[in-house]
Every structure is written in C-alpha cells, then in structure tokens.
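First comes the structure, then the notes that go with it.
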Amino acid sequence: MKPPAIIILTETSIKVARQIQEGINSAMIYGLINRTQSADLSYTNFGETVRELFQTGTPIIGVCAAGILIRTIAPLLINKNTEPAVLAIAEDGSAVVPLLGGLQGVNDLARKIASALQISPAITTSGEIRFKTTLLSPPVGYQLVNPDHAKTFIADLLAGETVKLIGKADWLENSQLPFTTDGKLTIDIRDHNSLELAKPSLNCLVYLLDNGNSTEDQKDLYPTILGEENPISPPETGLNPGKLAIVGTGPGAARWMSPEVREVLETATDWVGYKTYLDLVESLRKPEIIRHESDNRVELDRAETALDLAAGGRSVVVVSSGDPGIYAMAAAVFEVLEKKAKPEWENLDIQVCPGISAMQAAAASVGAPLGHDFCVISLSDILKSWETIARRIELAAEADLAIAFYNPVSQDRTWQLLKAKEILLKWRSPQTPIILARNLGRKGQTVTIKFLEQLTIEDADMRTVILIGSSKTRMIQQGEKKPWVYTPRHQ
Ligand code: SAH
473 MKPPAIIILT ETSIKVARQI QEGINSAMIY GLINRTQSAD LSYTNFGETV RELFQTGTPI
533 IGVCAAGILI RTIAPLLINK NTEPAVLAIA EDGSAVVPLL GGLQGVNDLA RKIASALQIS
593 PAITTSGEIR FKTTLLSPPV GYQLVNPDHA KTFIADLLAG ETVKLIGKAD WLENSQLPFT
653 TDGKLTIDIR DHNSLELAKP SLNCLVYLLD NGNSTEDQKD LYPTILGEEN PISPPETGLN
713 PGKLAIVGTG PGAARWMSPE VREVLETATD WVGYKTYLDL VESLRKPEII RHESDNRVEL
773 DRAETALDLA AGGRSVVVVS SGDPGIYAMA AAVFEVLEKK AKPEWENLDI QVCPGISAMQ
833 AAAASVGAPL GHDFCVISLS DILKSWETIA RRIELAAEAD LAIAFYNPVS QDRTWQLLKA
893 KEILLKWRSP QTPIILARNL GRKGQTVTIK FLEQLTIEDA DMRTVILIGS SKTRMIQQGE
953 KKPWVYTPRH Q
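Sequence positions in the sequence shown follow this note's numbering and run 473 to 963.
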C-alpha cells in the first residue's frame, strides 16, 4: 500500500491530522495553501489533488465531510478491484467513515485511525460485522481469485447459508463464519500447485496462498483456472457504455480548431492528454470537466485510461494537437483496442475528429509547397529504426516527392537531421526551397524559407515542422511582398 495522504482544508484540522499520523506513520498531511500553515505538503486545488491521488492509487484520508469526497471522486469510480481506500474523518475527530476501497483494506485503515483517535470506526460492510472477517480483503499472503463472485457469496451467507472450508487458514478458522462440513457454499484455499483443481463460482470462493510469486504471474493464471464457462465478468459499473472521441485541436489554439472538435470538447465529461495540449484548450474547459493529464511518452497508458473511463459511462475526449491521426493518439487508441480487447470496450462509441495538421498550416503560411505529390516522414527513431527512416527519405527523394518532416530533432536526437540533408542532397539541388515552421498558431510563431544547402540543426526543435520542396517547387515574387513558395500541379 502507498503511504496514505491526509487531506485537510483548514489549520484547525491539523491536530486531528497529527493524531491520525501517529497511528499511521507513513501518512503525509496535505494542507490547502493559504488556509493551513503547518501541513507537510501544500496543495492549491482540492478536487484536482484528491483525484490525482486517487488515480495514482494513494489511500485518501479526508478530514472533511463525506459528501465532498464522494462528489469529488465519483466520476473516477470505474473498477472497485483497484480503487484505493478513501475515508472521511469528522473535523473534530469524532467519526471515521470508510467510504471506498473495501478490497484495499479500508476497514483495517479505519480501525487504525479510530484507535489513534480513541473512537469506534463506522464500519458499514455487514458481512464483516457479522462474521468478524472480510472475505473481500484477505490478510497479506492470500489472494481472492474470484472477487466478482464475492458479493453474491456474502449475500448468501448473510441470508443464512453455511460454508465448507477446503484447506487451512487461521484467519478464517478464527472468524465467526458459519462453517459446517456439508455447507452449500465453499471456501477453497489453494497454492499454485493445486490451483487448477479449484472451481471458482458464485458458490465457491477460491483463495490463492501467495508463496512469493509476483502479481504478474498470478494474473496469467486467471484464464487457466477460470476456463471458458466461467469468464471473469467486466467491472460492475451500473452505467451505460460511454463515448470516446479522439480529437485534433489544430496546430495552435482556437482559430484553427474545427467546430466539431470544439463542440465535442465542450460537451465532454473528461479530457485526457499530454499536459501541453490540454493547456492549449484550457480556456474552453468548464469547471466540471475533469482533466487527466500525462507525460508525452506514455501514449498507450493514456489510451487505456481513456477507454476505461469511457467504458465506465463517461464522455471522454482524447486531445491531440494538429490532426489526431498523424503521429498522434488515434492510432495509439486503436493499438490498445486491438491488443487488450477488453470485453467492456466492445460497445463503446468511438469517434475520430480531424484537425489541421502542422504541415498544412506551414504550407498555407508560405503558399502551396505541397501542391503536388508529397509524403510525410517522422524523424523520430523511438518507434522505428534509423535504417527504416533513412531508406524512406532516400526513396522519397528519388521519387521527387515534396517531403514534410515531423519530429525533426529532440534533446537527445540531433544528428539525424543532418544525415537526412545529406541523403536529400544526393537527389535534390542545393537550391531546393525548404520551409522551417515553428510554433505555428502559437505564441512565438516563426516561418523561415531557406535553401536546402543552408539547413542546420539550429533551424529546428521539437516544435518545428520542415517542408522540403520537390525539384519543381519554386519561389515567386508578388510585387514588393514577401516571396511565395509553391509546387505546380503537373509532373
Ligand atoms: N498530430 C500532430 C503531429 C504530432 S508529432 C499534427 O498533426 O500536427 C509532433 C511534431 O509535429 C512536432 O515535432 C513538429 O514537427 C510538429 N508540430 C506539431 N505542432 C506544431 C506547431 N504548432 N508548429 C510547428 N510544428 C508542429
């Protein structure tokens, strides 16, 4: 379990927070900035902080009304098997209410906090009260193989059924479960060697004795033990399948965004994307729309989060810059959809909304350099080898296509652009017009026209798109104005 976060809104709560911290040493106290002075860490936005902690699986102890926590987290409730413990504590320390995270030991945490505050916890899970144990959250060393069956199983126990125990487990034998030798229900304790013999079902909870195998190994075992007749059911959400739109906002902000994309953004419940791209459209965000931001390199995780949120009934927008289908999130979403193919994604309504790509904005700003046949090549070697890139440049140059280079350089990747220039010069004249377009539609936009022989590393960065003319691309003068660059429509 991650160290819990104790969240307070006012300095008056610090005393209760410190008492809780004495019971749970690893916990950190998060205080609202300007309203608290002696917390361990400060935060500026309650909703965003709580949601971020929740999404990273951090147990949350809110010294505030239960309603505030419930409303804040409600949109993120997708999968009860993975959500962290969430508890509300009365500001005067008189009540501890476990709200979520039954499978992550929320009741144990509630008991520890209650003991630190010298009160009784408000445990509401009836199975636990009656039987003095939590079948859903077994002690360390035991893993419940079929948690989806537990709800019905416990309901049957509460209704008076008896249970037969196969195997040995002290924590069960010391509980007040109604054990008999001929019970209709069964609890079956197994280790890895005999797991295939178990028959998990609504009448039989199976616990795996964990003798040191990693969680990954255990995950792989599930299909074998459950078999075809007993597939793991999708998480119960109680909601209709939601919507997922993958949109491109154009290279800049508002001006180059399509009305469709704007409408989809404004009517969504959740935005998912790289922070910089979400910031670009932040002015369109109504406060109730939730931002899920991520690092630029974790596209597949981001795509999966978006699909899961949508499967939970949300209206989710994945935000890319430019066009979402050009070196962006649309392909990443379909890769995850194909590879993971979760059953709960089958009924999702998925839509891709196009945007103006950087090369189109670059071309428009100087005339029509992509007026005839052209191709697009990314110089990034993260997802393909440099040999592949070099060969594509060579063939495109030989075929006399105009070329748009995306991702021309990055901090760790500089030599490729000069190598590309070298290859191009084997086929193109040194006087071929090239366009270097940086920060199109954004603050600090620059567009420079040069000749191929003048291209240097300093001309480009991660926010530059480069257009290379074909042998037919020319520069023309219109009176005294700046020159135009265009490629004629023939040959
Ligand atoms: N989906 C985007 C491309 C993402 S790949 C699109 O269709 O435009 C990222 C690369 O796109 C950058 O390295 C850069 O080459 C180019 N790019 C994206 N936005 C840009 C902008 N505003 N100005 C110049 N180049 C941009």
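Using N, Cα and C, we set each Cβ at its ideal position, and we do this for glycine too. This one's a predicted model, so the numbers in the text were calculated from it and none came from an experiment.
**Prompt:** Which residues in the same chain as VAL736 place their Cβ atom closer than 8 angstroms to its Cβ, once the five residues preceding and following it in sequence are excluded?
**Reply:** Taking the first residue of the sequence shown as 1, we reach residue 736 at position 264. In the same chain as VAL736, and ignoring 5 residues on each side of it, the C-beta atoms closer than 8 angstroms to its own belong to ALA717, VAL719, VAL789, GLN823, CYS825, in chain order.
**Message:** Taking 8 angstroms as the cut-off, is the C-beta of SER850 nearer than that to any heavy atom in the ligand SAH?
**Reply:** In the sequence shown, counting from the first residue as 1, residue 850 sits at position 378. Correct: SER850 has its Cβ closer than 8 angstroms to the ligand SAH.
**Proximity to ASP620 [Cα-Cα], best of VAL957, ALA560, ASN675** = Translated into the one-based positions of the sequence shown, residue 620 becomes position 148. The residue with the shortest Cα to Cα distance from ASP620 is ASN675.
**Request:** List the endpoints of the continuous alpha helix (DSSP H) containing TRP643.
**Result:** Numbered from 1 along the sequence shown, position 171 holds the residue referred to as residue 643. Here the alpha helix (DSSP H) through TRP643 covers 642-645.
**Message:** Going by C-alpha to C-alpha distance, which of ALA834, ILE828, SER793, ARG774 sits closest to PHE806?
**Reply:** Locating residue 806 in the sequence shown gives position 334, counting from the first residue. When each option's Cα is compared against that of PHE806, the closest is ARG774.
**Asked** In whole angstroms, what separates the C-alpha of TRP899 from that of GLU870?
**Response** Taking the sequence shown and counting its residues from 1, the one referred to as residue 899 is at position 427. Taking the sequence shown and counting its residues from 1, the one referred to as residue 870 is at position 398. Approximately 6 angstroms, taken between the alpha carbons.
**The beta strand (DSSP E) enclosing SER850, as first and last residue numbers** = One-based indexing of the sequence shown puts residue 850 at position 378. SER850 -> beta strand (DSSP E) spans 846-850.
**Request:** Could you please give the first and the last residue of the uninterrupted beta strand (DSSP E) stretch that includes THR936?
**Result:** As a working note, residue 936 is residue 464 in the sequence shown. Segment 936-940, the beta strand (DSSP E) holding THR936.
**Message:** Residues in the same chain with beta-carbon distance under 8 angstroms from ARG490, minus the five sequence neighbours each way, listed in chain order, please.
**Reply:** One-based indexing of the sequence shown puts residue 490 at position 18. Here ARG490 has ILE501 as same chain residues with Cβ atoms under 8 angstroms from its own Cβ, once five neighbours each way along the sequence are excluded.
**Request:** Would you check if there are 3 or more beta carbon pairs closer than 8 angstroms linking the segment 630-650 to the segment 562-579?
**Result:** Counting Cβ pairs under 8 angstroms, fewer than three are found: no touch.
**Asked** Mapping DSSP to helix, strand and coil, what is PRO909?
**Response** Sequence index remark: in the sequence shown, residue 909 carries index 437 (1-based). Here residue 909 is Ala; the residue named in the question, Pro, does not match the sequence. Of the three classes helix, strand and coil, the one that applies to ALA909 here is strand, per DSSP.
**Local conformation of THR721 per DSSP, three classes** = The residue given as residue 721 occupies position 249 in the sequence shown. In this structure, DSSP gives THR721 a state outside helix and strand, which the three-state scheme calls coil.
**Prompt:** Using a Cβ-Cβ cut-off of 7 angstroms (strictly less than) and excluding sequence neighbours within five positions of VAL678, which residues of its own chain qualify?
**Reply:** Walking along the sequence shown from the start, residue 678 turns up at place 206. By the criterion of a C-beta distance shorter than 7 angstroms, VAL678 is surrounded in its chain by VAL617, ASN618, ASP660, ARG662, ALA670, PRO672, once the five residues flanking it on both sides are discounted.
**Message:** Count Cβ pairs between the segment 737-753 and the segment 776-788 that sit closer than 8 angstroms; are there 3 or more?
**Reply:** They touch, by the three-pair rule.
**Prompt:** How about LEU896 and LEU867: are their beta carbons less than 9 angstroms apart?
**Reply:** Numbered from its first residue, the sequence shown carries residue 896 at position 424. Numbered from its first residue, the sequence shown carries residue 867 at position 395. Between LEU896 and LEU867, the C-beta gap is not smaller than 9 angstroms, which leaves the two residues out of contact.
**Assigned secondary structure, GLU925 (DSSP; H/G/I helix, E/B strand, else coil)** = In the sequence shown, counting from the first residue as 1, residue 925 sits at position 453. Of the three classes helix, strand and coil, the one that applies to GLU925 here is helix, per DSSP.
**Asked** If you drop the 5 nearest sequence neighbours on each side, which residues of the same chain put their C-beta closer than 6 angstroms to that of SER730?
**Response** Along the sequence shown, read from residue 1 onward, the residue named residue 730 stands at position 258. Cβ neighbours of SER730 beyond the five flanking positions: none.
**Message:** Measuring CB atoms only, is the segment 752-767 touching the segment 926-944, in the sense that at least three cross pairs come out at less than 8 angstroms?
**Reply:** The segment 752-767, when compared against the segment 926-944, does not touch it at the 8 angstroms Cβ threshold.
**Asked** Just to confirm, does ASP767 get its C-beta within under 8 angstroms of one of the non-hydrogen atoms of the ligand SAH?
**Response** Counted from its first residue, the sequence shown places residue 767 at position 295. Not one heavy atom of the ligand SAH lies closer than 8 angstroms to the C-beta of ASP767.
**Item:** DSSP state of VAL838 mapped onto helix, strand, coil
**Value:** For the purposes of this step, residue 838 is taken as residue 366 along the sequence shown, with counting starting at 1. VAL838 sits in a helix when the DSSP states are folded into three classes.
**Message:** Just to confirm my understanding: we take SER882, look at its own chain, exclude 5 residues before and 5 after, and list those with CB closer than 6 angstroms. What are they?
**Reply:** As a position in the sequence shown, residue 882 is number 410, starting the count at 1. The beta carbon of SER882 is closer than 6 angstroms to those of MET934 in its chain, skipping five residues each way along the sequence.
**Request:** List the DSSP bridge partners of PRO570.
**Result:** For the purposes of this step, residue 570 is taken as the residue at position 98 of the sequence shown. As a beta-bridge residue in DSSP terms, PRO570 pairs with LEU559.
**Request:** Look at ILE479 and THR521 and say whether their C-beta atoms are less than 9 angstroms apart.
**Result:** Here residue 479 is taken as the residue at index 7 of the sequence shown, counted from 1. Here residue 521 is taken as the residue at index 49 of the sequence shown, counted from 1. A distance below 9 angstroms separates the beta carbons of ILE479 and THR521.
**Prompt:** In whole angstroms, what is the alpha-carbon distance linking GLY565 and ASP682?
**Reply:** The sequence position of residue 565 within the sequence shown is 93, counting from 1. The sequence position of residue 682 within the sequence shown is 210, counting from 1. Each residue's Cα considered, the two are about 37 angstroms apart.
**Asked** Does DSSP classify GLY785 as helix, strand or coil?
**Response** Here residue 785 refers to the residue found at position 313 of the sequence shown. If DSSP states are grouped into helix, strand and coil, GLY785 belongs with coil.
**Asked** Are the beta-carbon atoms belonging to VAL569 and THR596 less than 9 angstroms from one another?
**Response** Residue mapping note: residue 569 aligns to position 97 of the sequence shown, counting from 1. Residue mapping note: residue 596 aligns to position 124 of the sequence shown, counting from 1. Yes, Cβ-Cβ distance for VAL569 and THR596 is below 9 angstroms.
**Request:** Measure the CB-CB distance between ASP654 and THR624 and report whether it falls below 9 angstroms.
**Result:** Looking up residue 654 in the sequence shown gives position 182. Looking up residue 624 in the sequence shown gives position 152. No, the Cβ-Cβ distance between ASP654 and THR624 is not below 9 angstroms.
**Prompt:** Roughly how many whole angstroms lie between the Cα atoms of GLY784 and LEU629?
**Reply:** Counting from 1 along the sequence shown, the entry for residue 784 is found at position 312. Counting from 1 along the sequence shown, the entry for residue 629 is found at position 157. The straight-line gap from Cα to Cα measures roughly 30 angstroms.
**Asked** Counting along the chain, where does the beta strand (DSSP E) carrying SER587 start and finish?
**Response** Walking along the sequence shown from the start, residue 587 turns up at place 115. Note, SER587: premise wrong, no beta strand (DSSP E); alpha helix (DSSP H) at 578-589.
**Asked** Taking just the CA atoms, how far does PRO547 sit from LEU541?
**Response** Translated into the one-based positions of the sequence shown, residue 541 becomes position 69. Translated into the one-based positions of the sequence shown, residue 547 becomes position 75. Straight through space, the alpha carbons of PRO547 and LEU541 are spaced by roughly 11 angstroms.
**Asked** Any chance the CB of VAL937 is under 8 angstroms from a heavy atom of the ligand SAH?
**Response** Here residue 937 corresponds to residue number 465 of the sequence shown, with the count starting at 1. VAL937 has its CB nearer than 8 angstroms to a heavy atom of the ligand SAH.
**Asked** Distance, Cα to Cα, GLN590 vs GLU816?
**Response** As a first step, residue 590 must be located in the sequence shown, where it is residue number 118. As a first step, residue 816 must be located in the sequence shown, where it is residue number 344. If I take the Cα positions, the gap works out to 44 angstroms.
**Contact check, ALA557 vs VAL578, beta carbons under 9 angstroms** = Counting from 1 along the sequence shown, the entry for residue 557 is found at position 85. Counting from 1 along the sequence shown, the entry for residue 578 is found at position 106. Their beta carbons are under 9 angstroms apart, which means ALA557 touches VAL578 by this criterion.
**Message:** Suppose contacts are defined by Cβ-Cβ distances below 9 angstroms. Is ALA874 in contact with LEU851 by that definition?
**Reply:** Counted from its first residue, the sequence shown places residue 874 at position 402. Counted from its first residue, the sequence shown places residue 851 at position 379. No.
**Asked** For the ligand SAH, any of its heavy atoms closer than 8 angstroms to the Cβ of GLY913?
**Response** As a working mapping, residue 913 is identified with position 441 in the sequence shown. For the ligand SAH, at least one heavy atom lies less than 8 angstroms from the Cβ of GLY913.
**Message:** Which residue wins for smallest C-alpha separation from ALA778, given the options ALA804, GLY797, ILE486?
**Reply:** For this step, residue 778 is matched to residue 306 along the sequence shown. Checking every option, the nearest Cα to that of ALA778 belongs to ALA804.
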